[in-house]
Amino acid sequence: MSLNKADQLKEPEAIFIHKKTNTLYVADLGNERIQMFSLNKLPAMGTTVIFNITYPTKIYVDDVINGETIYVSLEGENCVKKWTKEATHGVKVGGECLYCSSVWVDKEKNVYMASAAKHCVFKWSPRTNITTVVAGREYYAGSTSDNLNSPEGIYVDETSGTVYVADYANNRIQKWLKNAPNGTTVAGLSTSAKGSDAESLSRPTAVWVDDETHVVYVTDSSNERIQRWVYNASMGDTIAGGLGMDAEF
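So the sequence shown is residues 1 to 249, counted in the UniProt record's numbering.
1) Assign Pro181 to buried or exposed, taking buried as 16 or more other Cβ atoms, counted over all protein chains shown, within 10 Å of its Cβ.
2) Could you name the residues of the same chain whose beta carbon sits closer than 7 Å to that of His18, not counting the 5 residues immediately before and after it, in chain order?
3) Take Gln174 as the anchor and find which of Thr23, Ser143, Asp28, Glu108 has the nearest alpha-carbon.
4) Once you ignore the five residues that flank Thr84 on each side, which residues in its own chain have a CB closer than 6 Å to its CB?
5) Give the DSSP bridge partners of Val72, in chain order.
6) So, helix, strand or coil for Tyr139, using DSSP?
7) If you draw a straight line from the C-alpha of Arg33 to the C-alpha of Thr191, how long is it?
8) How far does the beta strand (DSSP E) with His18 in it extend, from its first residue to its last?
9) By how many angstroms is the C-alpha of Ala135 removed from the C-alpha of Gly183?
10) Can you check whether the CB of Tyr155 is closer than 8 Å to the CB of Pro204?
11) Can you tell which of Val105, Ala198, Lys194 has its C-alpha closest to the C-alpha of Thr159?
12) Using the rule of at least 16 other Cβ atoms within 10 Å of the residue's Cβ for burial, across every protein chain shown, is Phe51 buried or exposed?
13) Between Thr57 and Cys100, is the Cβ-Cβ spacing less than 8 Å?
14) Quick one: measure Cβ to Cβ for Ala206 and Ala166, integer angstroms, because I've assumed they're closer than 8 Å.
15) Using only alpha-carbon positions, find the residue among Tyr164, Gly30, Thr23 that is nearest to Gln8.
16) Among Thr213, Tyr164, Leu201, which residue has its Cα nearest to the Cα of Thr219?
17) Which one of Val103, Val215, Arg127 has the shortest CA to CA distance from Trp229?
18) Report the residue from Lys92, Asp197, Ser102, Ile53 whose alpha carbon sits nearest the alpha carbon of Glu224.
19) Could you tell me the boundaries of the beta strand (DSSP E) in which Lys175 lies?
20) So what does DSSP say about Ser38, is it helix, strand or coil?
21) Measure the C-alpha to C-alpha separation of Gly242 and Glu138 and round it to an integer number of angstroms.
22) If you run the structure through DSSP and keep just helix, strand and coil, what is Gly67?
23) For Asn170, count neighbouring Cβ atoms within 10 angstroms of its own Cβ and tell me buried if that reaches 16, exposed if not.
24) So, with DSSP's three-state summary, where would you put Tyr168?
25) For a quick check, are the C-beta atoms of Thr131 and Gly95 less than 8 Å apart?
26) Out of curiosity, what's the CA-to-CA distance linking Glu212 and Lys5?
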């Protein structure tokens, strides 16, 4: 079955909701495209806004004066690309992001990129064209507080510049304050042990944080559930799943 029609998806990998336009963007991995759906009328027919891309993993949609700019992390192309409104081709931003697993953009248009193969998170500044490591150590995989192991999803706090990382192979969520040499575990076990109980995670792939309450939401992939961790809590609670296929957001 092809599953490539306007109202179909094949192996959807990630979503992004653009609140200003009430629009859902989907990384349609199996069809190598980004689909856009209006949430004002459901079910909706999709519109292909980006096509012919290799292994899209995450999406970020940023507002600019003349429309939305779409950033996509491309694991198959080892980079992040951006598409301005109505552009037919993407433009590479930042340097190489080997097995690029996630992307985020802050209010100053700095682009954050997670590299699963380099075990770190990069920050690229469009003003200086300089790329720096803001979480983990490049090419060092480990479970100590200064290391990451195959990071997946990222979330950046707009106010503080704090970076949250779904530390996939370490089965935890790490919080890195701006310019900090080490991360702090805010969900899962700092020892990197995996599990299925309330204090553990197993292969987390995405993270989202409420900037006001600091509640952390996690796609706990191998446990097939979404976990919520209240600020400073030692255990999470399941708010979705627990059965079924692996989840992504």
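Glycine included, each C-beta is placed from N, C-alpha and C at the ideal position.
Checking against the coordinates, here is how it stands:
1) exposed
2) Tyr25, Val61, Glu68
3) Ser143
4) Closer than 6 Å at the Cβ level, and outside the excluded window around Thr84, lie Thr69.
5) Ile59, Lys81
6) coil
7) Approximately 38 Å, taken between the alpha carbons.
8) 12-18
9) 7 Å
10) no
11) Val105
12) exposed
13) yes
14) 6 Å
15) Closest by alpha carbon: Gly30.
16) The candidate whose alpha carbon is nearest that of Thr219 is Leu201.
17) Val215
18) Asp197
19) Per DSSP, Lys175 is one residue of the beta strand (DSSP E) stretching across 172-176.
20) Three-state result, Ser38: strand.
21) 34 Å
22) strand
23) Asn170 comes out buried.
24) helix
25) The answer is yes: Cβ separation under 8 Å.
26) 40 Å
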